[in-house]
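Q:
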Amino acid sequence: MVQRRWLRSLKAWVPRWRISVTGRADFQRNATRFVLRVLAGLGITALGFGLVIWLGTLRYYNLGYAESILPGLGQGFLVTIRLVAVVIPLGFALGFLFGWARTTRSLILRGLGAAYVEVFRGLPPIVLIFFSYLITTLAILNISKNPFIAGDVALWMGAIALSLHSGAYQTEIIRAGILSVPTGQIEAADSVGLSRWQTMFRVTLPQAFRVSLPPLGNEFASVIKDTSLLNIIGWLDLAQIGLLQVPAALKADFNLVFIIWIEIAMLYFVLTFVVTKAVRFVENAYKVPGLEAAEL
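This is the structure we're talking about:
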């Protein structure tokens, strides 16, 4: 009786796992909500800048200095976006690969996945960044003797080290998502003739992806802020540009330091807000009405 119920729910659900599952109207509605929420967040940021300008007109805020540092912070912001565009996709790919490995029947793959998680989750990201930078620099200098090539490659290896650290956390998120799929659905998929790989890609992964999206959004937001650690090896990101401007600000007026970090905070907020709302949009687009009740 229980297996028949799983068969009915599986047959009704398997062909509909793609993004079209909510229908075109629902997708358009979710897209509209996403755009409106992003615009609302940007509007809040604009209000923050407006408040800053208003305080500047009242001479509570040095508006001229705030405008003078924006070009430099803008360049650092673009570098941060480049880092995020590398670290998040690479970390997700690693998390998906090792998360799947930790749920397979192979003892070797499970052992490799567990070792990866324990090592890269157990070390601080700043240590991983330093090790990757130093080891890469020494290795390339011993081969090419070109310090410029060594420096460029070592900088990107630091970004990859941050991806490895984030991927360890995402591995556990993906693993938990895969294990959350009821075993009854796996048995039902086997009974209707689906192969192991068909079951994985048509039944298990779509549901695991939905379950994993909220914690993945939190991890992405954390990674965006962790990119500021890469300035210790020479990346001229948003945080590093701010740090370089602090000494001159301290010599002129201590209050100018607050202006630097207020603008940096606003720019990080915009980037984090857009990424988390994008994840929320995907979460709503892949939502299946009534699926949660069917799993009870």
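Numbering (the numbering used here) for the sequence shown: 532 to 827.
Cβ atoms here follow ideal geometry from the backbone N, Cα and C, with glycine treated the same way.
#1: Please report the straight-line C-alpha distance between Asn749 and Leu798, rounded to a whole angstrom.
#2: Which residues bound the alpha helix (DSSP H) around Arg641?
#3: Contact between the stretch 692 to 709 and the stretch 750 to 763 is defined here as three or more beta-carbon pairs at a separation below 8 Å; is this criterion met?
#4: From Tyr596 to Ala783, what does the alpha carbon distance come to, in whole angstroms?
#5: Just to confirm before moving on: does the CB-CB distance between Gln776 and Ile791 stay below 9 Å?
#6: Could you check what DSSP says for Tyr817 in three-state terms: helix, strand or coil?
#7: Pull up the distance between the alpha-carbon of Leu589 and that of Ala780, whole angstroms please.
#8: Compute the Euclidean distance between the alpha carbons of Ile709 and Arg741, then round it to the nearest angstrom.
#9: Using a Cβ-Cβ cutoff of less than 6 Å, which residues in the same chain neighbour Gly644 once the five nearest sequence positions on both sides are dropped?
#10: For Ala670, which option in Arg733, Gln729 and Ala685 has the closest C-alpha, if you only look at C-alpha atoms?
#11: Could you check if Leu659 belongs to the surroundings of the ligand MN, using beta carbon to heavy atom distance under 8 Å?
#12: Could you check the C-alpha separation between Thr611 and Asp768 for me, to the nearest Å?
#13: Which residue from Val615, Val618 and Trp687 puts its Cα closest to that of Arg764?
#14: Look at Leu744 and Val810 and say whether their C-beta atoms are less than 9 Å apart.
#15: Going by beta carbon distance, what residues of the same chain come within less than 6 Å of Leu640, once the five residues before and after it are set aside?
#16: Could you tell me how far apart the beta carbons of Val648 and Thr735 are, in whole angstroms, since I believe they sit closer than 8 Å?
#17: Apply the 10 Å Cβ neighbour rule to Leu625 and answer buried if 16 or more other Cβ atoms are within range, or exposed otherwise.
#18: Between the alpha carbons of Ile575 and Val617, how many angstroms are there, rounded?
#19: Within the same chain, show all residues whose beta-carbon is closer than 7 Å to that of Leu787, passing over the 5 residues directly before and after it, in chain order.
#20: On the DSSP letters alone, give me the boundaries of the alpha helix (DSSP H) that Val617 sits inside.
A: The answer reads as follows:
#1: Here residue 749 refers to the residue found at position 218 when the sequence shown is read from its first residue. Here residue 798 refers to the residue found at position 267 when the sequence shown is read from its first residue. When rounded, the distance between both Cα atoms is 18 Å.
#2: Numbered from its first residue, the sequence shown carries residue 641 at position 110. Element bounds for Arg641: Leu638 to Gly653.
#3: Flag = yes, the stretch 692 to 709 and the stretch 750 to 763 touch.
#4: Locating residue 596 in the sequence shown gives position 65, where the first residue counts as 1. Locating residue 783 in the sequence shown gives position 252, where the first residue counts as 1. If you take the alpha carbons of Tyr596 and Ala783, they lie about 11 Å apart.
#5: On the sequence shown, residue 776 is found 245 positions in, with the first residue counted as 1. On the sequence shown, residue 791 is found 260 positions in, with the first residue counted as 1. Yes, the Cβ-Cβ distance between Gln776 and Ile791 is below 9 Å.
#6: For the purposes of this step, residue 817 is taken as the residue at position 286 of the sequence shown. Coil, per DSSP.
#7: Indexing the sequence shown from 1 puts residue 589 at position 58. Indexing the sequence shown from 1 puts residue 780 at position 249. Summary for Leu589: the model assigns pLDDT 44, below 50, so the residue's position carries little reliability, and this model does not support an answer.
#8: For the purposes of this step, residue 709 is taken as the residue at position 178 of the sequence shown. For the purposes of this step, residue 741 is taken as the residue at position 210 of the sequence shown. Rounded to the nearest angstrom, the two C-alpha atoms are 10 Å apart.
#9: Here the question's residue 644 lines up with position 113 in the sequence shown. Here the set comprises Phe629, Ala632 and Arg633.
#10: Numbered from 1 along the sequence shown, position 139 holds the residue referred to as residue 670. Per the C-alpha coordinates, the member of Arg733, Gln729 and Ala685 positioned closest to Ala670 is Ala685.
#11: Because no ligand of any kind appears in the structure shown, any question about the ligand MN cannot be addressed here.
#12: Taking the sequence shown and counting its residues from 1, one reaches residue 611 at position 80. Taking the sequence shown and counting its residues from 1, one reaches residue 768 at position 237. Approximately 5 Å, taken between the alpha carbons.
#13: The count along the sequence shown starts at 1 and reaches residue 764 at position 233. According to the sequence displayed, residue 764 carries Ile and not Arg. It is Trp687 whose Cα lies nearest to the Cα of Ile764.
#14: Along the sequence shown, read from residue 1 onward, the residue named residue 744 stands at position 213. Along the sequence shown, read from residue 1 onward, the residue named residue 810 stands at position 279. In this structure, Val810 lies closer than 9 Å to Leu744 by Cβ.
#15: Residue mapping note: residue 640 aligns to position 109 of the sequence shown, counting from 1. Here the set comprises Ala632.
#16: Counting from one through the sequence shown, the residue named residue 648 turns up at place 117. Counting from one through the sequence shown, the residue named residue 735 turns up at place 204. About 20 Å separates the two Cβ atoms, so there is no contact after all.
#17: As a first step, residue 625 is located in the sequence shown; it is residue number 94 there, counting from the start. So Leu625 counts as buried.
#18: Position 44 of the sequence shown, counted from the first residue, corresponds to residue 575. Position 86 of the sequence shown, counted from the first residue, corresponds to residue 617. Cα to Cα, the separation comes out at about 28 Å.
#19: In the sequence shown, residue 787 corresponds to position 256, counting from 1. Excluding sequence neighbours, Leu787 sits near Asn593, Tyr596 and Ala780.
#20: As a first step, residue 617 is located in the sequence shown; it is residue number 86 there, counting from the start. Leu594 to Ala632 is the extent of the alpha helix (DSSP H) around Val617.
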